[in-house]
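Residue numbers (our numbering), protein chains in the order written: chain S, 756 to 1041; chain C, 756 to 1041.
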């Protein structure tokens, strides 16, 4: 039986809490011990019943764990690895849920030593755009992709366990190497967030911003939705993955220039050709 | 009774057809006569029952009309005004549904002569992103805003009639001058479309575009949705409103530069401050 397992949850937010709830409901986990900075988040999760006990430190949380899930902001990952490394049991599966993978894997390799073979980097493609404290819910990962990025040193048994665990809570595991992950997410997530933030900020700089925003309709709503995301999360992700984001941002600048040029030259033939290929690609998507 | 009125519909697409259906269901219109290039669209609307007769020309369509709705692409508006001007009855309300207003008003003023006082420029903020032939439906304008842009020469009786008509089909009229309309729509519609098209095109230029697009999740879906819009419509709108779009595009480029700079300098304090104000503005929106 899988459900006698103990989960150590480091970081008590939407992503980690939803995993803990889902793993419990899927009988993959019997007991969850949580640790969080700020501590109030762990107490809140205890009151919600998401975790069954509160640890005094990250090291204490993992000491008896069969599964460790690190669900803290990207920039906080290295210090968590350093804190838990001395206390990790020799059989525990260790995972994170961070939005970038190369830097987290590097930090894990640096701090976990021999335990690095037990680490499987994971990124579930799910979340909410609202900043602040969203309550966790067990079906957050239902029918969502989760990208797993094993390294050559990863023990295949842990990869298999991670795969089964995410499947058991309704997610679809996809295995990618960390470079592919970071480039792919730069393209379909980090870059759109950067552009949506920049777009909103440009509107805010206008003296008549309030009048302009009042006219927003469904197109505005969808296009700008991700600009409502948590700034503290994106403050970490963008610098962390900048080497993958920058070449794509350069390509967007070039595409904007090309469209602007066709627009100001009133070269409607070329303009239509560009818009046509972009439109068709979007219509063909999924 | 209002429902003995005849509507002349010039242009048989989603916007015009949905207006005709809605006006008929709201007993604002008794009979709709349609004209369209291509003619097949008018025949299709006749078969659907959206229009009750087909005119051989735009001038023939308007000759007996009480209400004229011009629902053709922005670039085709001047030739329609020229074609209908000699045939317009002296009591007909004339409206368009174009996405830009200054150039259409100019063309109307140029071609309609004394009938210009009967013209009320209108822009219902509704539509669909899919290119090609979307079937019209009567509730397209339900709970949507419609911007009306009267000029100083507009006869107030026609403005009042236009106002009542859009209200009768469930829309909320907003009165703006044409400059405000064109700047506002540049900000919340034209610019996001340009950016979404450019973003999709930049991804398509990548050698691994297929792999990248396969990773798109909910953020990608919403952000890029409007890139699936009809390229023939946007080929017209962008050049037509370029003087309003360009200063805003410049502001977006500056915001991108500022974010890039904070990102590459790893100035997370400044980066968070920018993302924070953009995020808060988006959360506060409506």
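All C-beta atoms in this analysis are idealised placements derived from N, C-alpha and C, irrespective of residue type, glycine included. Please read these numbers as outputs of a predicted model, since none were measured by experiment.
Contact under 8 angstroms by Cβ, residue i with residue j
i                       : j                       : result
residue 951 of chain S  : residue 975 of chain S  : no
residue 809 of chain S  : residue 801 of chain S  : yes
residue 811 of chain C  : residue 847 of chain C  : no
residue 917 of chain C  : residue 832 of chain C  : no
residue 797 of chain S  : residue 806 of chain S  : yes
residue 852 of chain S  : residue 765 of chain S  : no
residue 911 of chain C  : residue 921 of chain C  : no
residue 901 of chain C  : residue 880 of chain C  : yes
residue 999 of chain S  : residue 937 of chain S  : yes
residue 770 of chain C  : residue 882 of chain C  : yes
residue 1037 of chain S : residue 768 of chain C  : no
residue 1004 of chain S : residue 815 of chain C  : no
residue 970 of chain C  : residue 964 of chain C  : no
residue 1007 of chain S : residue 972 of chain C  : no
residue 780 of chain C  : residue 893 of chain C  : yes
residue 1017 of chain C : residue 1026 of chain C : yes
residue 840 of chain C  : residue 818 of chain C  : no
residue 776 of chain C  : residue 891 of chain C  : yes
residue 828 of chain C  : residue 988 of chain C  : yes
residue 1019 of chain C : residue 1035 of chain S : no
residue 995 of chain C  : residue 858 of chain C  : yes
residue 830 of chain S  : residue 956 of chain S  : no
Environment of residue i [buried if 16+ CB atoms lie within 10 Å]
i                       : result
residue 1024 of chain S : exposed
residue 1041 of chain C : exposed
residue 759 of chain C  : exposed
residue 926 of chain S  : buried
residue 878 of chain S  : buried
residue 934 of chain S  : exposed
residue 774 of chain S  : buried
residue 945 of chain C  : buried
residue 948 of chain C  : buried
residue 919 of chain C  : exposed
residue 783 of chain C  : buried
residue 856 of chain C  : buried
residue 895 of chain C  : buried
residue 873 of chain C  : buried
residue 1021 of chain C : exposed
residue 898 of chain C  : exposed
residue 813 of chain S  : buried
residue 1039 of chain S : exposed
DSSP three-state assignment for residue i, whether helix, strand or coil
i                       : result
residue 901 of chain S  : strand
residue 823 of chain C  : strand
residue 846 of chain S  : coil
residue 937 of chain S  : helix
residue 874 of chain C  : strand
residue 970 of chain S  : coil
residue 928 of chain S  : strand
residue 998 of chain S  : helix
residue 1013 of chain S : helix
residue 1022 of chain C : coil
residue 963 of chain C  : coil
residue 985 of chain C  : coil
residue 891 of chain S  : coil
Residue of the options minimising C-alpha distance to residue i
i                       : options                        : result
residue 1011 of chain S : C:993, C:863 and C:925         : C:993
residue 825 of chain C  : C:799, C:862, C:804 and C:803  : C:862
residue 845 of chain S  : S:828, S:785 and S:823         : S:823
residue 941 of chain S  : S:829, S:854 and S:924         : S:854
residue 865 of chain S  : S:837, S:842, S:892 and S:890  : S:837
residue 986 of chain C  : S:987, S:913, S:1030 and S:858 : S:1030
residue 960 of chain S  : C:813, C:1013, C:869 and C:803 : C:1013
residue 904 of chain C  : C:778, C:898, C:830 and C:913  : C:913
residue 786 of chain C  : C:909, C:804, C:930 and C:799  : C:804
Opposing strand residues paired with residue i [DSSP bridges]
i                      : result
residue 808 of chain C : C:788
residue 765 of chain C : C:790 and C:825
residue 879 of chain S : S:901
Contact with chain A by residue i, beta-carbon distance below 8 angstroms
i                      : result
residue 972 of chain C : No chain A appears in the structure shown, which is made up of the protein chains S and C.
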